[in-house]
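K.L.:
First, the structure itself, so that you have it in front of you.
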Amino acid sequence: MQNYIQNGHVMTVTTPAGGATSGEGLIVGNIFGVAAYSAAEGDPLELATTGVYKLPKATAAVLTVGARVAWDNTAKNINVPGAGRFPVGVATEAAGNGITSVAVRLDGVGTAAA
Numbered sequence: 001m002q003n004y005i006q007n008g009h010v011m012t013v014t015t016p017a018g019g020a021t022s023g024e025g026l027i028v029g030n031i032f033g034v035a036a037y038s039a040a041e042g043d044p045l046e047l048a049t050t051g052v053y054k055l056p057k058a059t060a061a062v063l064t065v066g067a068r069v070a071w072d073n074t075a076k077n078i079n080v081p082g083a084g085r086f087p088v089g090v091a092t093e094a095a096g097n098g099i100t101s102v103a104v105r106l107d108g109v110g111t112a113a114a
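Rendered as structure tokens:
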């Protein structure tokens, strides 16, 4: 196919304001992904948009396996879906109150925060 660009599992984007740290979740426009490496603001950055990643979780959030999850871009962590949070995928493990990280399968679907 002459018009094929890439599979989309990893996308190259411009690093947003503040730069990025390897393994950090971040939003670029309507794309959520995990930074493949650290990069300075304005530099090209590979952003993984699908796959399962261990991400920081809101301590009080209670998640079951398969629960829909969202990224809180202010707190920089996974939480339950809600106003101002960016839907990113599903929890692949249970994580209760007091747990600070959770495994998440990213959907690879860009959606503006609710």
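All residue numbers for the sequence shown refer to the working numbering, where the first residue is 1 and numbers rise by one. No residue lacks a Cβ here, since even glycine has one placed at the ideal position from N, Cα and C.
1) What are the boundary residues of the beta strand (DSSP E) that includes Gly51?
2) Check whether the stretch 75-84 touches the stretch 40-47, counting contact only when three or more Cβ pairs, one atom from each stretch, lie closer than 8 Å.
3) With a threshold of 6 Å on Cβ separation, who are the neighbours of Val28 within its own chain once the five nearest residues in sequence on each side are excluded?
4) Here's the rule: buried if 16 or more other CB atoms are within 10 angstroms of the residue's CB, otherwise exposed. What is Arg68?
5) Output the residue ranges of the beta strand (DSSP E) runs that lie fully inside the stretch 1-74 and measure 3 residues or longer, sorted by chain position.
6) Relative to the C-alpha of Lys57, which residue among Tyr4, Thr50 and Arg85 is closest?
P.N.:
If we stick to the structure as given:
1) Gly51 to Pro56
2) no
3) Val13 and Pro16
4) exposed
5) 10-14, 25-28, 31-35, 44-48, 51-56 and 68-72
6) Arg85
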